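A short worksheet on the structure shown next.
In the working numbering, the protein residues as written are 9 to 329.
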């Protein structure tokens, strides 16, 4: 899987920060390790190759010192709408083409050390080739509480409800057969997260944070045997202790080393397993206007795909006009 992301930030409206983002997420999921009687690899439920792209405009307006309002709209291009074979469809069907996107949100800070976030968003689910061909979008409602506790200490709590839907199909697939005709397929999920950060050391050359990242959620689709092309466990939880080291190396170089180690559980009643990630990165201020960056991430969890191991490399550039 590859990700290409370009963002233009500008401030043409009073008290408003505007962003125009283009994102491309081509992915290629090979067949699984099992082979048939002919020696050919057997495709999995997410095998395929796609190249979705998204264009999104969003803005944040600072209404007052206590209120920020967010809004945005865009479009996702899942693909050309070719005839493809999808899990459970008895014959080839046309894959998804375009679907609209959007977001709206509000932040209210009645006092300096507390704020409330309310967000609604429609975004594409481009985790796997199958979810892209299904044209899955997520409609999410989310509320969050942000606390600034003792000095250099932050706590963020969030809860969300999500509804997932595909494009319109003649038949809607469940893992035990066709469940509906002439309508989109659906799934629902809800969950919450907690992020605690405590800055222990702060200086220009070296800063050190410790924290906790917690996450728990569940999907309804697995109990109803609905499959939309991505990992949808009835229950998942993740708990990580999360240190971070960051700072400057001279006047031009910067570094950031973050990660986490802890436990995860997929499905209630199953054993807890180890979970961890590591993500070092370097930045170089090449000029007054240009900053370059490179980063690497190793993980053994990927909640969108199941419990898997993986590696990611990031190359970034920031050009200020």
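Glycine included, every Cβ here is placed at the ideal spot set by N, Cα and C.
From a predicted model like this one, the values you see are computed outputs, not experimental measurements.
query                                                                                                                                                                                        : result
Run the CB neighbour count on residue 213, radius 10 Å, all protein chains shown included, and call it buried at 16 or more, exposed below.                                                  : exposed
DSSP state of residue 101, grouped into three classes?                                                                                                                                       : strand
With H, G and I counted as helix, E and B as strand and the rest as coil, what does DSSP make of residue 34?                                                                                 : coil
Between which two residues does the alpha helix (DSSP H) harbouring residue 142 extend?                                                                                                      : 137-142
For a quick check, are the C-beta atoms of residue 264 and residue 285 less than 7 Å apart?                                                                                                  : no
Give every residue of the same chain whose Cβ lies closer than 6 Å to the Cβ of residue 129, excluding the five residues on either side of it in the sequence, and list them in chain order. : 111 and 148
What separation, rounded to the nearest whole angstrom, lies between the Cα atoms of residue 28 and residue 10?                                                                              : 20 Å
Between the C-alpha atoms of residue 298 and residue 193, what's the straight-line distance to the nearest angstrom?                                                                         : 46 Å
With distances taken between CB atoms, is the gap from residue 76 to residue 31 smaller than 7 Å?                                                                                            : no
Drop a sphere of 10 angstroms on the beta-carbon of residue 71, count the other beta-carbons inside from all chains shown, and report buried for 16 or more, exposed for fewer.              : exposed
Return the first residue and the last residue of the beta strand (DSSP E) that residue 75 is part of.                                                                                        : 75-85
Thinking C-alpha only, which one of 260, 273 and 287 is nearest residue 253?                                                                                                                 : 287
For residue 25, which residues of its own chain have a beta-carbon under 6 Å away from its beta-carbon, when the five flanking residues on both sides are left out?                          : 19 and 68
Using only alpha-carbon positions, find the residue among 139, 244, 79 and 144 that is nearest to residue 172.                                                                               : 144
Does residue 13 pass the burial test, meaning 16 or more other C-beta atoms within 10 Å, or should it be called exposed?                                                                     : exposed
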